[in-house]
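To start, the structure under review is shown below, and the notes come after it.
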Amino acid sequence: MGKKDVAEKLYTENNRIFADIVNYILYDGAEIVGPEHLKEVSGEELFLEEETDIDLFVESVASADSMDRQVGNGRNTRKNVRRHRQKDYVVQQRYRDVSKQITIRQGQDAVYMLISLENQSEVHYAMPVRNMLNDSMRYMRQVNQIRSCRKGKRSPDSGDFLSGIDSRDKLLPVITIVILFQNRPWDGPRSIHEMLDIKDPAVLKYVQDYKIHVIAPAELSTEELKQFHSSMREVLSFIKYSEDEEKLRQILKEDADRFNRMEQEAVQLLNLVTGAEIEINTEQEVVDMCKALADMISRERKLGYDSGIEEGQREKSIQIIKRMLAHGYTHADIMEIIGCDSEELLAVARETGEY
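To convert, take the position in the sequence shown, counting from 1, and add 226; that gives my numbering.
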């Protein structure tokens with residue numbers, strides 16, 4: 227797992243951040259789900275899939291060694307062998323970035339959901355298929371859990387014997403949210419239909435269309451960003467405008483109170499995702515982003531200024547070397563007077579034809 231992946235996971239697995247993301251997708255930012263409604267669940271998806279049967283020939287009487295001897299003697303050994311069919315299985319194993327179970331009350335009823343996050347540093351162009359597979363495996367796990375609980379309690383003649391569940395059994399809804407930690411739009415497909423090379427509505431009508439839910443900072447309006455109530459708002463805003471210094475200064479000024487209280491995990495994420503070099507005081511729990519960004523910009527400008535001076539001085543030295551070569555100065559004299567090395571001098575000499 228790369229540094230970006232770790233930073234994204236550490237930040238989004240925080241219950242307050244996770245709940246904020248869920249509220250944005252499900253409830254348009256209304257604070258329905260809170261940290262207290264979340265329970266950690268395994269992000270591992272496991273499924274055993276039956277593969278094509280394998281035909282095995284097993285000797286019924288003689289040992290394998292004796293069979294080999296019989297074959298070597300030219301004797302017919304088929305009558306000593308019985309055919310045996312054996313099942314083989316393929317293990318499907320996948321991992322979610324973050325997964326939690328949500329339990330909230332709506333009136334007199336309790337509502338249960340399984341929600342997972344897929345954090346992306348780049349656009350994944352097969353995400354609809356990937357999410358469909360992961361969600362299907364999570365549903366299959368629920369079916370298997372119900373089947374295990376009911377094992378031995380069903381009659382072989384009952385209609386639900388093969389499936390292992392009956393009409394009374396219900397599954398928890400599974401939802402996957404994709405977050406693109408990058409300042410570009412999600413230009414990949416958002417549904418299975420978009421991945422198909424067919425536009426015939428008569429056919430598409432019968433093809434299940436699995437859609438994905440994407441949060442991409444570059445696509446969010448100011449109003450949509452304000453639907454986030456945690457530091458997720460500042461993280462997404464910073465990523466969105468990470469290449470626009472003027473806009474960054476503006477949003478930091480407008481939301482100074484919020485930017486001045488960002489968690490270290492959020493700032494670490496921004497540094498890795500955007501390439502920013504915001505200094506973090508490990509002795510403090512929060513980071514003053516306004517001051518940190520101002521310091522970072524100041525350092526970058528000074529570096530640019532110093533580089534400009536250095537480049538200007540180098541160009542000036544080159545012009546002097548050219549004039550000295552034109553006036554017949556020896557290479558040894560030029561190196562002593564200018565203070566350049568032989569490689570620099572030879573490069574200028576080749577350029578001017580004085581080599």
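No residue lacks a Cβ here, since even glycine has one placed at the ideal position from N, Cα and C.
Residue state for S468 is assigned as coil, using DSSP reduced to three classes. CA-to-CA, the gap between T402 and R242 works out to about 18 Å. Taken in chain order, no unbroken stretch of alpha helix (DSSP H) lies wholly in the stretch 319–351 with a span of 4 residues or more. Membership of T402 in the beta strand (DSSP E) is indicated by the continuous run 400–406. Three or more beta-carbon pairs separated by less than 8 Å link the stretch 440–455 to the stretch 245–258, which places the two stretches in contact. The three-state secondary structure of M227, taken from DSSP, is coil. The beta carbon of L571 sits closer than 7 Å to the beta carbons of I547, H557, I560, M561 from its chain, once the five residues preceding and following it are set aside; these are given in chain order. For V440, the enclosing beta strand (DSSP E) has its first and last residue at 439–441. Going by beta carbons, V493 and I477 fall outside the 8 Å limit. Judged by their CB atoms, N409 and P354 are not nearer to each other than the 8 Å cut-off. D323 counts as buried, since no fewer than 16 other beta carbons sit within 10 angstroms of its beta carbon.
With a beta-carbon spacing of about 11 Å, L264 and L340 fall beyond the 8 Å limit used to define contacts.
When the five nearest sequence neighbours on each side are left out, the beta carbons in the same chain lying within less than 6 Å of the beta carbon of I418 are those of P354, D435, Y436, in order along the chain. Beta-carbon to beta-carbon, I372 and D335 are separated by about 20 Å, too far to satisfy the 8 Å threshold. It is roughly 17 Å from the alpha-carbon of A552 to the alpha-carbon of E541. If the five residues before and after G260 are omitted, its C-beta is found closer than 7 Å to the C-beta atoms of A245, all from its own chain and listed in chain order. Approximately 14 Å separates the beta-carbon atoms of V400 and R356; this is outside 8 Å, ruling out the contact. Under the three-state reduction of DSSP output, S417 falls in the strand class. Cβ-Cβ distances below 8 Å link V267 to S325, K326, Q327, L340 in the same chain, with the five nearest sequence neighbours on each side left out; the list follows chain order. Scanning K466, L498, V433, I438 for the CA closest to the CA of S447 turns up K466. According to the DSSP secondary-structure assignment, E266 is paired through a beta bridge with K326.
Close CB contacts of E270 within its chain, under the 8 Å cut and outside five residues either way in sequence, are with Q319, R320, Y321, R322 (chain order). Your pair V404 and V440 checks out as a contact, with CB atoms roughly 5 Å apart and the cut at 8 Å. Taken atom to atom, the span from the alpha-carbon of K377 to that of E460 is near 50 Å. Leaving aside the five residues that flank K473 on each side, the residues in its chain whose CB is nearer than 8 Å to its CB run, in chain order, Y467. For the set Q490, Y351, S393, the Cα lying nearest the Cα of P415 is the one of Y351. Within a 10 Å sphere around the beta-carbon of E469 sit fewer than 16 other beta-carbons, which makes this residue exposed. Excluding its 5 nearest sequence neighbours in each direction, Y253 has C-beta neighbours in its own chain below 8 Å: V259, listed in chain order.
Listed in chain order, the non-local C-beta contacts of L236 below 7 Å within the same chain comprise E491, local neighbours out to five positions each way being set aside.
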